[in-house]
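Student:
In the numbering used here, the protein residues as written are 23 to 341.
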């Protein structure tokens, strides 16, 4: 009797695993539960990470392993161009720093002090010249001598002003050249940073590493480097005979169980089937001709409580 009971229990779970067309040809009226089978997948949360060709063709460092949880932006690998790109970044940073120091010296160093002193000297010269002019006007010197002395006073002042103007123009020109050099150095640094970043392979999402295609020291595979899945977007893809298409509307409630576990999880249909697949039946299915199936996407009500596993077979009851 115990053996019969065990066989009956296994038959009850595996019955939905028969070809969907047969299992559902004998389905109950639409107001009763519809049973189907499916598997877990995360179509909207699956990303294949590939390296940027600029970063190099070989993976020189792999920082992940199968089943590891990663965060968005976390470095998972380093490509072969990284060492060269890193040296270029450091060199560019040093060049930019040197130019910034030169600018600091020009704007706050001796040249600015000299200009300030020259401006002060001119102001003092202007005051002295006013006194000299008054003295000349009150003196008894001949007019032609007064004129010559006044001319010399004005010429001396103009020389000081011309010298000051030249100093300012030279400093302004040097600052403009320095500013252009700084802009060019920043552009070079930006390119170097971009190239270095291209050699760093980062995770595009918070997720789990489910498959690694390229190992350390290998050329990057045409498949990429790794596949990462956001398990929060885990879904069940269930196959149902097209005869029941009217029941697969978004929001329709379902119950899900995993093979080997009695725990029942609840969920709902989130995507109605878009295409119909034709499946040929075999004699082993006790049927003839073809079955037309559709695939419904089902979302768990509480994804945090479900087993985090892809391609696990499920039993789905549409309520």
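A virtual CB, placed ideally from N, CA and C, is assigned to each residue, including glycine.
Using the C-alpha atoms, what's the distance from residue 317 back to residue 68?
Tutor: As a position in the chain shown, residue 68 is number 46, starting the count at 1. As a position in the chain shown, residue 317 is number 295, starting the count at 1. Between residue 68 and residue 317, the C-alpha separation is close to 19 Å.
Student: So what's residue 290 in DSSP terms, helix, strand or just coil?
Tutor: As a first step, residue 290 must be located in the chain shown, where it is residue number 268. DSSP places residue 290 in strand when its eight states are reduced to three.
Student: Check whether the Cβ atoms of residue 258 and residue 269 lie closer than 9 Å to each other.
Tutor: The residue given as residue 258 occupies position 236 in the chain shown. The residue given as residue 269 occupies position 247 in the chain shown. No, these two residues do not count as a Cβ contact at 9 Å.
Student: My understanding is that residue 230 touches residue 248, with C-beta atoms under 8 Å, so please give their C-beta distance in whole angstroms.
Tutor: Within the chain shown, numbered from 1, the residue matching residue 230 stands at position 208. Within the chain shown, numbered from 1, the residue matching residue 248 stands at position 226. With 8 Å as the limit, residue 230 and residue 248 do not qualify as a contact, their Cβ atoms being about 11 Å apart.
Student: Quick one, which of 102, 105, 250 has its alpha-carbon nearest residue 225's?
Tutor: Taking the first residue of the chain shown as position 1, residue 225 is located at position 203. The residue with the shortest Cα to Cα distance from residue 225 is 250.
Student: Determine the contact status of residue 61 and residue 264, defining contact as a CB-CB distance below 9 Å.
Tutor: Taking the first residue of the chain shown as position 1, residue 61 is located at position 39. Taking the first residue of the chain shown as position 1, residue 264 is located at position 242. Cβ distance not < 9 Å, so residue 61 and residue 264 don't count as in contact.
Student: Are the CB atoms of residue 77 and residue 107 nearer to each other than 9 Å?
Tutor: On the chain shown, residue 77 is found 55 positions in, with the first residue counted as 1. On the chain shown, residue 107 is found 85 positions in, with the first residue counted as 1. Yes, the pair counts as a contact, with Cβ atoms nearer than the cut-off.
Student: Express the C-alpha separation of residue 285 and residue 256 in angstroms, rounding to a whole number.
Tutor: For this step, residue 256 is matched to residue 234 along the chain shown. For this step, residue 285 is matched to residue 263 along the chain shown. Whole-angstrom Cα-Cα distance: 17 Å.
Student: Using a Cβ-Cβ cutoff of less than 7 Å, which residues in the same chain neighbour residue 210 once the five nearest sequence positions on both sides are dropped?
Tutor: Along the chain shown, read from residue 1 onward, the residue named residue 210 stands at position 188. Excluding positions up to five away in sequence, the list reads 114.
Student: Using only the alpha-carbon positions, how far apart do residue 329 and residue 322 sit?
Tutor: Counting from one through the chain shown, the residue named residue 329 turns up at place 307. Counting from one through the chain shown, the residue named residue 322 turns up at place 300. The straight-line gap from Cα to Cα measures roughly 11 Å.
Student: Quick check on residue 35: does DSSP put it in helix, strand or coil?
Tutor: Here residue 35 corresponds to residue number 13 of the chain shown, with the count starting at 1. Residue placement at residue 35 is flagged as unreliable, the pLDDT there being 47, under the threshold of 50; the coordinate-derived value follows with that caveat. Residue state, collapsed to three classes: helix.
Student: Taking 7 Å as the limit between beta carbons, can you name the residues of its chain near residue 325, skipping five residues before and five after?
Tutor: By 1-based counting over the chain shown, the position of residue 325 is 303. Taken in chain order, the residues that qualify are 254, 256.
Student: Buried or exposed, going by whether 16 or more other CB atoms sit within 10 Å of the CB of residue 187?
Tutor: Numbered from its first residue, the chain shown carries residue 187 at position 165. Exposed: under 16 other Cβ atoms inside 10 Å.
Student: Going by DSSP, what residue range makes up the alpha helix (DSSP H) through residue 68?
Tutor: The residue labelled residue 68 in the question sits at position 46 within the chain shown. Residue 68 -> not in any alpha helix (DSSP H); beta strand (DSSP E) instead, spanning 68-71.
Student: By DSSP's criteria, residue 278 is part of a beta bridge. Which residues make up the other side?
Tutor: Residue mapping note: residue 278 aligns to position 256 of the chain shown, counting from 1. For residue 278, which the question treats as bridged, DSSP gives the partners 287, 338.
Student: My assumption, with CB atoms under 8 Å, is that residue 73 sits in contact with residue 242. Please give the rounded CB distance.
Tutor: Here residue 73 refers to the residue found at position 51 when the chain shown is read from its first residue. Here residue 242 refers to the residue found at position 220 when the chain shown is read from its first residue. The Cβ separation is near 5 Å, so the contact holds.
Student: Have a look at residue 276 and residue 337 and give me their C-alpha separation to the nearest angstrom.
Tutor: As a position in the chain shown, residue 276 is number 254, starting the count at 1. As a position in the chain shown, residue 337 is number 315, starting the count at 1. Residue 276 and residue 337: Cα-Cα distance of roughly 10 Å.
Student: Applying the criterion that 16 or more other CB atoms from any shown protein chain within 10 Å of the CB defines a buried residue, is residue 173 buried or exposed?
Tutor: Here the question's residue 173 lines up with position 151 in the chain shown. Result: exposed.
Student: How would you label residue 103, buried or exposed, when you count the other beta carbons within 10 angstroms and need 16 or more for buried?
Tutor: The residue labelled residue 103 in the question sits at position 81 within the chain shown. Burial call: buried.
Student: Flag this pair as touching only if the stretch 82-95 and the stretch 115-135 have three or more C-beta atom pairs under 8 Å; answer yes or no.
Tutor: Touching, no, given that fewer than three Cβ pairs across the two stretches are closer than 8 Å.
Student: Candidates 252, 280, 146: which alpha carbon is nearest residue 16's?
Tutor: This structure cannot settle anything about residue 16, because the visible part of the chain is limited to 23 through 341.
Student: From 245, 252, 315, 185, pick the residue whose C-alpha is nearest to that of residue 227; which is it?
Tutor: Here residue 227 refers to the residue found at position 205 of the chain shown. With distances taken between Cα atoms, residue 227 lies closest to 252.
Student: Is residue 183 near the ligand MN - that is, is its Cβ less than 8 Å away from at least one heavy atom of it?
Tutor: Among the components of this structure there are no ligands whatsoever, and the ligand MN is therefore not found.
Student: Just to check my reading of the structure: residue 57 and residue 271 have Cβ atoms closer than 8 Å, yes? What is that Cβ distance to the nearest angstrom?
Tutor: Stepping through the chain shown from its first residue, residue 57 is reached at position 35. Stepping through the chain shown from its first residue, residue 271 is reached at position 249. Not a contact, Cβ separation roughly 18 Å.
Student: Return the Cβ separation of residue 136 and residue 238 in integer angstroms, given the expectation that the two are a contact with Cβ distance under 8 Å.
Tutor: Indexing the chain shown from 1 puts residue 136 at position 114. Indexing the chain shown from 1 puts residue 238 at position 216. In fact, because the Cβ distance is near 60 Å, the residues do not count as touching under 8 Å.
Student: Would residue 71 pass as a contact of residue 97 if the rule is Cβ separation under 9 Å?
Tutor: Taking the first residue of the chain shown as 1, we reach residue 71 at position 49. Taking the first residue of the chain shown as 1, we reach residue 97 at position 75. Cβ atoms of residue 71 and residue 97: not closer than 9 Å.
Student: Provide the residue span of the beta strand (DSSP E) that contains residue 187, from first to last.
Tutor: Residue mapping note: residue 187 aligns to position 165 of the chain shown, counting from 1. Taken as a continuous stretch (DSSP letters only), residue 187 belongs to no beta strand (DSSP E), being part of the alpha helix (DSSP H) at 165-220.
Student: Leaving out the 5 sequence neighbours to the left and right, which residues in its chain are closer than 8 Å to residue 233 when beta-carbon positions are compared?
Tutor: Within the chain shown, residue 233 is the residue found at index 211, counting from 1. These residues qualify, in order along the chain: 88, 248, 249.
Student: Quick one: what's residue 269 bridged to in DSSP?
Tutor: The sequence position of residue 269 within the chain shown is 247, counting from 1. Bridge partners of residue 269: none, in fact.
Student: What are the uninterrupted segments assigned as beta strand (DSSP E) that are 3 or more residues long and contained completely in the stretch 54-124, given in chain order?
Tutor: Runs of the beta strand (DSSP E) inside the stretch 54-124: 56-63, 68-71, 81-84, 97-101.
Student: What's the gap between the Cα of residue 341 and the Cα of residue 65?
Tutor: On the chain shown, residue 341 is found 319 positions in, with the first residue counted as 1. On the chain shown, residue 65 is found 43 positions in, with the first residue counted as 1. Rounded to the nearest angstrom, the two C-alpha atoms are 24 Å apart.
Student: Does DSSP put residue 225 in a helix, in a strand, or in coil?
Tutor: The residue given as residue 225 occupies position 203 in the chain shown. It is coil, neither helix nor strand.
Student: Within this structure, are the beta carbons of residue 352 and residue 81 separated by less than 9 Å?
Tutor: The requested residue 352 is not part of the displayed model; the chain covers only 23 to 341.
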